[in-house]
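Below: the structure, in structure tokens.
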Amino acid sequence: MAEFRMPSLGADMETGKLAQWLVKPGDRVARGDIVAVVETQKGAIDVEIFEGGVVQQILVPEGSEVPVGTPLALVDGAVPSASAPPVAAAPSLPGTPAPSAAASPAAVPAPAAPVPAAPRVRASPAARRLAAELAVDLATVRGTRLDGAVTLDDVRAAAAAKAPAPAPAPVPAAEDRAAAMRAAIAAAMSRSKREIPHYYLGTKIDLKRALDWLEAENRKRPITERLLPAVLLLKAVALAVREVPETNGFWVDGAFRPSTPVHLGVAISLPHGGLVAPAIHDADGLSLDALMAALRDVVERARVGRLRSSEVTDPTITVTNLGEQGVGTVYGVIYPPQVALVGFGAVVERPWAVGGLLGVRPIVSATLSADHRASVGHRGARFLAAIDRLLQEPEKL
Amino acid sequence: MTATLPATVKLTYREAMRAAIREALQRDERVFLMGEDVGRYGGCFAVSQGLLAEFGPERVRDTPLSEDTFVGAGIGAALAGMRPIVEIMTVNFSLLALDQIMNNAATLLHMSGGQFNVPLVIRMTTGAGRQLAAQHSHSLEGWFAHIPGLKILVPATLEDARGMLWPALQDPDPVLIFENGRLYTLEGELPAEPPPVDIAHAAVRRPGDDLTLITYGGTLGTALAAADRLAAEGIDAEVIDLRVLRPLDDATVLASVARTHRAVIVDEGWRSGGLSAEVSARIMEGAFYDLDAPVARVCSAEVPMPYPYHLEQAALPQPDTVAAAARALIGAAHG
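In order, the protein sequences belong to chains Y and G. In terms of the numbering used here, the first sequence opens at residue 215 and continues consecutively. In terms of the numbering used here, the second sequence opens at residue 108 and continues consecutively.
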């Protein structure tokens, strides 16, 4: 029996509101299935389950706000997870949830000490079934059988005693949600600037070859399948990460934990000043077409507030592209517990000398904000150089 | 046209059984009764009193004290087209005939590739409570219920004592009827023309909502008495009479437990490996998620049945012990 717990969906998320269950007891779930919607400061998140099995019991009713790590449901048939609940695993780092550990063991090694299982509640089979139906937490029910077991009557009494079923969570007003998100961003960024010794490197990259290739490529495609320049930048970053792995992963408990997969966080600005950076999973292995599709998908869903939990928790490095706003250079703030953020400014035409001749070239400013605890400037420089080099051979991206 | 109430007759379980045998002898000339002292003595429990005079020595036959032999003769007669009713004095002595019952009666249809049915009925007394000591008092019907090829009937009421024999004789395969010795003196009224009974289903003898008492044969009265005591305490017990131990009527039991969520099995047999264990297992298999408490059992003490009255009574399921088991299942919620 495995417990499905309230995931940590952000560096400073302490509680989450279980907005909606998408499964019920008896449903079979597979790893990666979306099983619930959790309301966070960053909007409604579709939460995936990381262990397959059969949903035995719903422990937290819709509308309840519970701390991160609270068991939400019991799932049977799952291989018991060796990893501790997220809160216990990294008390100083709620931003690194167990699900991400399960998804990429290399990223966050499981703690050595197994967590002892909570004592099983003594309850009759019929009481368990009714408790699941009524969303009564058996652990909170006093058993009146002679042996202390919880009976049907006990569950009925507990259900009756419960405050009237929580009203469906009112949809927060847009201003409230914006304020909450602002508070979340404030907390994460404050922590970043408080804890992370940033260093910044910048370079200017000639995009002529890349954009020429892209133009030729797009001419061959129907409009719907055309690629955006941003896709080339993202892919170049994802590949550069492989060369300089110190930029990819998490700083956890005083140590850098590199990640083998490259889950590229893409900063997406939302109406009302919000900001999210959901992951495009395994971006280094995606073709440009797949990356384009993934980018389009994640942007659309971010704008309507339907991100998945793994997208919110998994990014191993973030890219922010403020070129649309015409800004020249980005000096980004790292999103903890990540250790690097890559910023791109606007692509602008500039006089540029190549081979002793002056020409006009499309130039983009690329910057790296990196955690000096995880990498040194020399390696950061190599990272930016790799991006530049990769963008000079767009056909290989 | 005038409607008349059906006439009823007052009689005992013993007399109901006798009436059933007489009816069978009258209706089908292939039927005959044989066993130890069934003729001149009128049966060890006086079930067949008067039948020898009425039907003659061809059809009511005394046998030597040789259970293996006369049960075997009954099997042969059945194979040859007769419809024998073989009486064994008590279930304890049936062990002498176990080879015939199990290795021949129960298997011949199978071993002949379906060519030979054995339309045999064996009646025997079972149970304790009459100070007949360990060699005459055991309840071994659960053992026979283990054997494929047999049908096991346990009439616990006047209706079943009167009604089960005829359908048993119509069954093409061997049927064993276990008559609990305590029941012979049970008295009541039956319609003069008793309605037919089935030999396939359990019966709800007392409807109730709070728990199910599952029993058969000699302990049906025990369970009903316990249910009366529980009713006085506000606990509404349903009582199921299994009636047929093989094949068991799971559906009736499971439907009841699904409603009451609690079950106590009352069985005069021993607990270990007994019929109560089988019923309990079927409830686990078929109604686990309906259970609000572990299935409980009240069985006879696991000793050879004592002779002294107080010890014999202490060894048997009693209304008090059944009611106590039921209360424990209900738990503190009902005080």
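Cβ coordinates follow ideal geometry from the N, Cα and C atoms, glycine included.
If we cut at 8 Å on Cβ distances, does residue i have a partner in chain G?
i, result
"residue 339/Y", "yes"
"residue 197/Y", "Here chain Y covers residues 215 to 611 and nothing more, so residue 197/Y does not appear."
"residue 215/Y", "no"
"residue 600/Y", "no"
Got a sec: is the Cβ-Cβ distance from residue i to anything in chain Y below 8 Å?
i, result
"residue 323/G", "no"
"residue 400/G", "yes"
For a contact defined as C-beta to C-beta under 7 Å, what are the partners of residue i on chain Y?
i, result
"residue 435/G", "360"
"residue 368/G", "340 and 366"
"residue 476/G", "In the structure displayed, chain G extends from 108 to 442; residue 476/G sits before or after that span and is not available."
Thinking residue i and residue j are a contact (beta carbons under 8 Å), I'd like their distance in whole angstroms, please.
i, j, result
"residue 394/Y", "residue 539/Y", "Contact flag wrong, Cβ pair sits at about 24 Å."
"residue 290/G", "residue 325/G", "6 Å"
"residue 323/G", "residue 349/G", "4 Å"
"residue 135/G", "residue 283/G", "Between residue 283/G and residue 135/G the Cβ distance is about 19 Å, and since that is not below 8 Å, they are no contact."
"residue 527/Y", "residue 223/Y", "6 Å"
"residue 464/Y", "residue 471/Y", "5 Å"
"residue 174/G", "residue 200/G", "5 Å"
"residue 115/G", "residue 310/G", "Not really, about 20 Å apart at Cβ, beyond 8 Å."
"residue 248/G", "residue 198/G", "7 Å"
"residue 564/Y", "residue 577/Y", "4 Å"
What residues match up with residue i in a beta bridge as DSSP calls it?
i, result
"residue 406/G", "374/G"
"residue 420/Y", "577/Y"
"residue 248/Y", "262/Y"
"residue 287/Y", "218/Y and 272/Y"
"residue 411/G", "Per DSSP, none; premise fails for residue 411/G."
"residue 469/Y", "466/Y"
"residue 583/Y", "414/Y and 555/Y"
"residue 490/Y", "482/Y"
"residue 612/Y", "Any answer about residue 612/Y is impossible in this case: the structure gives chain Y only from 215 up to 611."
"residue 287/G", "233/G"
"residue 232/Y", "252/Y"
"residue 591/Y", "Answer is none; residue 591/Y lacks a bridge partner."
"residue 192/G", "140/G and 228/G"
"residue 537/Y", "Answer by DSSP bridge pairing: none, since residue 537/Y is not bridged."
"residue 117/G", "296/G"
"residue 257/Y", "254/Y"
"residue 565/Y", "574/Y"
"residue 168/G", "141/G"
Near-chain G residues of the region 351 to 368 of chain Y - C-beta to any C-beta below 9 Å = 357, 358, 359, 360, 361, 363, 365, 366, 367 and 368
Residues of the region 382 to 400 of chain G whose Cβ lies closer than 7 Å to any Cβ of chain Y, in chain order | 395, 396, 397, 398, 399 and 400
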